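S.K.:
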Amino acid sequence: MQIRTLFAVVLLIVTFALTSMGAPAPATVEELLRQWGPYEKSEPARVIDEYSRFFRERQPVSPDDSIRLALRLVGLYYDGRKDAQTAVQLCDWALTRYPERASLASVVMEKVRILRAEKRPEEAQQALDAFWGRLAAGQLPPLCAALDAYCALVEREGGPPAVIEALTDWIRRAPLLLCAPDERDPRAWITPRLVVALVERNRPDEALRYAKAAFLVSAFNEAALTARVRLIARALSLKDREGGASLAFARWQPGAAAPNPLAAVALPEVDAQACAAQLAQWTQPEQVGDRVGLRLVQGDLAGAMVEACRPFAAGDARTGAAEVCRVLKAADFGVTRANAFLEYLRTGQGANPVEAFFAEHPGAAAAAGAVGAVAAAGGRFAGRAGDLPQPLRETLVGSTTLLRSLMCGAVKEAEVAESGLVKAAEVVQALGWNEKPRLGPRQTDPLASLLVNQYPEQLEGVNAGTSEARLRVVDYLRKKRDPRALPLAQRLAEDAAAGQVHGSTLNVPGLAFQTLGDVYAMMGDHLRAAQASEEAGHRMVDVGYVAWALVTAGRRYRLAGDDKKMEAMYAEVARTGHADSMEAARNDLVSHLVGERKYDEARRLVGVGGSGEAEGPLGAAGLTPARQQYYVAKIELAEHGAVAGAKAMKRMFALPGWEAWPETPLWEHAWACHQLGKGGAKEWFEEAAWAYRELARVKRDWEGKLAYRAEAAICLQGLGRHEEAAAELRAVLAALPEGHRLAPEYRAALAVSEAALGQKPEGEATGR
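Residue numbers (my numbering): -2 to 765.
Laid out in structure tokens, this is it:
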């Protein structure tokens, strides 16, 4: 059986190399997927051949591109051919070939999905369990990405109960998953997802326990604390429908006579042995935040403070200050003492709050050393307070951040708007807040009214009673992939059809249909999305809006497989005479014809070949010789390969007028030439370096300029011109801020040139 399986895997890999010969494949994975992606459902066998040919002819340079293409093949074999065995074997091939890549999370989840669908749950669980080793290796992002995908899978199968079971099991195994300090952390989605699932299943006590844990481990900054307080409000609103508990928490401030209503709420149960094991593994200085978090989720405040003070002893007072503030905030459920600690560090005057903390929370053996390390840092920040975390408003944990959540969360969405808004107004009045709730024009629409109140940041500069405000809320929900976007978008489109929408411009009715199309596109319903965008184009007033809506409709008809409607939409675009939209439509049509291998038709469309005149409704308006040559390069690239495409693009740069739109063709040319150089045709490195230098010249933002300069230097390395490359890379590194994300990559590139020149690495010379 093992021999047979091994033979099948080998046969599959050989297939990549021996797929039937045909027209040359596109030069990049992006181009390949753009051309053949729309045909995956209708012609899976043909698309498998095209993807396999790409492996044979191009061999993706990036492992992530190989994984991405392998995943497409997995889906085609399983969803298109119902060949589970080959799909699973291809997953195993990718997992074996690229064991260290973060993008393998998607491969793991495809394997789990297929095995679960094939009623092989034990093997599916084994595949997921094997991925847990990444946690011990400190690879949280890929693990959390896999868990997120798995969570979506079990939610489709079993709803909120299945999500709750999966999440609580993972947290039991790895309490570290509870320790996300802010929303940028890869674990940040886990606790909110669990709280929402518990609220949906009417389990408020458990939801509140996890919400409290999220607050305790949150970083000491306003964005993190605001998000966690809103999570508490969500749980409180379910626990107490009348809003009494929510209002008590909103009124409470540290030091108030009334007790903190959350003081008696227990933390979630975590496995002490699992915590101990993870503390033993997480020993690096940069992992101090996770060590603090692990102590906090166990309720060990003294141990958390000892961990937080360790960076002071190591000379990293900036990190230590942030972690100590985090612990003080968790201990007090407020920011007063943390702010006092920042003042102590800034001035070196007064009592050390850490010493007082240990007096209240005894039991840590290393308390004396921790206090001494902090005291030694006192006053070092005088005159450079920017190195410290920012003090937070005293009311942060009270009414200011909680109130907007109360206005929506404390009221059931099923209640009528009037009832909910009255309660919100009472809360505002009780807290002395002067801003009135924002009302929508239709008070019998509770969901829309509540959403308008919940997302005021989306309504900046817009009258909340207008249709534009609702359009923004729907768009916000669409970007969050929230299913509530669809009924609201449908309602707006119905109102637009009845002439009942209003706003600051005459395009609002058309925008209502365009927004509905965007929601359908989010759901993958390309035909309805195209129809809504077409209707939007017919209802818009400004010609630019009309033309762009029709371009969008054409693209969506193409995705829906209706080429005739796509061409009809682009013909309407041509009649508008809007130059930019006509160029976008022409570019789409050329890409479509190239994807169909109709190269001669593509050439005739842009006036190359045949009579020499551009054909079709788009005509030749605005098509300069430079733009015409750009399309020639695209066609040559698809038909004859990267070298032909690069040569054609090079001819374009010799023509006048290309400087009017330089960035896109320059980037495409630079990237293609760079790949040719890496593939062995080193003479193309010179051309790539020129294109990258031109990009650096035209790029507006400083980071982009530096990145392109560095890429040009790396191309010079390929030509053996290490002295020039080293000088340029040193200049780029000197211009980058300390700790910039690109610095390690460019420092490694500099080391290559310095080694070739027989010099010491730049880091040894400078101490960086």
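Glycine residues also receive a C-beta, built at the ideal position from the N, C-alpha and C atoms. In this text the structure is predicted, and so the values were computed from the model without any measurement.
Anyone know if the C-beta pair for residue 528 and residue 551 falls short of 9 Å?
M.R.: Not in contact: residue 528 and residue 551 (Cβ atoms no closer than 9 Å).
S.K.: Would you mind sorting residue 774 into buried or exposed? The rule is 16 or more other CB atoms within 10 Å of its CB.
M.R.: Given that the chain is displayed from residue -2 to residue 765, the structure contains no residue 774 and the question cannot be resolved.
S.K.: Going by the CB atoms, is the gap between residue 587 and residue 628 shorter than 9 Å?
M.R.: Closer than 9 Å, so yes.
S.K.: Which runs of the alpha helix (DSSP H), 4 residues or longer, sit entirely within the region 334 to 370?
M.R.: Entirely contained in the region 334 to 370, the alpha helix (DSSP H) runs reaching 4 residues are, in chain order, 350 to 357.
S.K.: Among the residues of its own chain, which have a CB less than 8 Å from the CB of residue 198, if the five just before and after it don't count?
M.R.: Only 157, 158, 161 meet the Cβ criterion.
S.K.: Is residue 641 near residue 667, with beta carbons less than 9 Å apart?
M.R.: Their beta carbons are not under 9 Å apart, which means residue 641 does not touch residue 667 by this criterion.
S.K.: Grab me the residues of residue 398's own chain with a C-beta within less than 6 Å of its C-beta, minus the 5 sequence neighbours each way, in chain order.
M.R.: The predicted position of residue 398 is uncertain, since its pLDDT is 47 and thus under 50; no value can be drawn from it.
S.K.: With DSSP collapsed to three states, give me the class of residue 675.
M.R.: Helix, per DSSP.
S.K.: Can you list, in chain order, the residues of its chain with a C-beta nearer than 6 Å to that of residue 531? Leave out the 5 residues immediately preceding and following it.
M.R.: Cβ within range, chain order: 550.
S.K.: Please report the residue range of the alpha helix (DSSP H) in which residue 262 lies.
M.R.: That residue, residue 262, is in no alpha helix (DSSP H); it is neither H nor E in DSSP.
S.K.: Could you pull out every residue in the same chain whose Cβ sits closer than 7 Å to the Cβ of residue 291, ignoring the five residues on either side in sequence?
M.R.: 172, 173, 176, 272, 275, 276, listed in sequence order.
S.K.: Under a three-way DSSP split, which group does residue 95 fall into?
M.R.: If DSSP states are grouped into helix, strand and coil, residue 95 belongs with coil.
S.K.: Three-state secondary structure (DSSP) at residue 406?
M.R.: Confidence is the limiting factor: at residue 406 the pLDDT is only 39, short of 50, which leaves the residue's position unreliable and the question unanswerable from this model.
S.K.: Applying the 10 Å Cβ sphere with the 16-neighbour rule, what's the burial state of residue 408?
M.R.: Its pLDDT being 35, under 50, residue 408 is placed unreliably in this model, and the value from its coordinates should be taken loosely. The residue is buried, with at least 16 neighbouring Cβ atoms inside 10 Å.
S.K.: Helix, strand or coil for residue 595, going by three-state DSSP, please let me know.
M.R.: Residue 595: coil per DSSP, three-state reduction.
S.K.: Apart from the five residues on each side of it in sequence, which residues of its chain come closer than 8 Å, Cβ to Cβ, to residue 296?
M.R.: If we look at residue 296 and ignore the five residues flanking it on each side, its Cβ neighbours are 264.
S.K.: Quick check on DSSP: helix, strand or coil for residue 699?
M.R.: Helix, per DSSP.
S.K.: CA-CA distance, residue 193 and residue 476?
M.R.: Cα to Cα, residue 193 sits roughly 19 Å from residue 476.
S.K.: With residue 322 as the anchor, note down where its alpha helix (DSSP H) starts and where it stops.
M.R.: Element bounds for residue 322: 314 to 329.
S.K.: Could you name each continuous alpha helix (DSSP H) segment of 4 residues or more that falls completely within the region 169 to 202, going from the start of the chain to the end?
M.R.: With a minimum length of 4 residues, the continuous alpha helix (DSSP H) runs that stay inside the region 169 to 202 are 187 to 197.
S.K.: Just curious, the alpha helix (DSSP H) that residue 75 is in, first and last residue?
M.R.: First-last for residue 75: undefined, no H or E at that position.
S.K.: Rounded to whole angstroms, what is the Cα-Cα separation between residue 703 and residue 303?
M.R.: Approximately 41 Å between the Cα atoms of the pair.
S.K.: How many angstroms separate the CA atom of residue 746 from the CA atom of residue 726?
M.R.: About 8 Å.
S.K.: Classify residue 584 as helix, strand or coil using the three-state DSSP reduction.
M.R.: DSSP places residue 584 in helix when its eight states are reduced to three.
S.K.: Just confirm the distance between the C-beta atoms of residue 583 and residue 632, as a whole number of angstroms; I'd bet it's less than 8 Å.
M.R.: About 13 Å separates the two Cβ atoms, so there is no contact after all.
S.K.: Of the choices 372, 728, 710, whose alpha-carbon is the least far from that of residue 750?
M.R.: Residue 710 is the option with its Cα nearest to residue 750.
S.K.: Would you mind reading off the limits of the alpha helix (DSSP H) that contains residue 727?
M.R.: Per DSSP, residue 727 belongs to the alpha helix (DSSP H) from 719 to 732.
S.K.: Pop quiz: residue 542 and residue 592 are said to be a contact at Cβ under 8 Å. What is the actual Cβ separation, rounded to whole angstroms?
M.R.: Actually they do not touch by this definition, with Cβ atoms about 28 Å apart.
S.K.: Buried or exposed: where does residue 93 fall if 16 or more other Cβ atoms within 10 Å of its Cβ makes it buried?
M.R.: It counts as exposed.
S.K.: Please check the pair residue 339 and residue 385, which I expect to be a contact at CB under 8 Å, by giving their CB distance rounded to whole angstroms.
M.R.: With a Cβ gap of about 5 Å, residue 339 and residue 385 count as contacting.
S.K.: Would you kindly report the start and end of the unbroken alpha helix (DSSP H) that includes residue 643?
M.R.: Looking at the DSSP string, the run of the alpha helix (DSSP H) that includes residue 643 is 639 to 650.
S.K.: Check whether the Cβ atoms of residue 509 and residue 498 lie closer than 9 Å to each other.
M.R.: Their beta carbons are under 9 Å apart, which means residue 509 touches residue 498 by this criterion.
S.K.: Please tell me whether residue 512 and residue 486 are closer than 9 Å, where the distance is taken between their beta carbons.
M.R.: Against a cut-off of 9 Å, the Cβ pair of residue 486 and residue 512 comes out as a contact.
S.K.: Whole-angstrom Cβ separation of residue 102 and residue 142, contact assumed at under 8 Å?
M.R.: Confirmed, about 4 Å.
S.K.: Since residue 78 contacts residue 41 with CB under 8 Å, what's their CB separation in whole angstroms?
M.R.: With a Cβ gap of about 6 Å, residue 78 and residue 41 count as contacting.
S.K.: Determine the contact status of residue 548 and residue 581, defining contact as a CB-CB distance below 9 Å.
M.R.: Closer than 9 Å, so yes.
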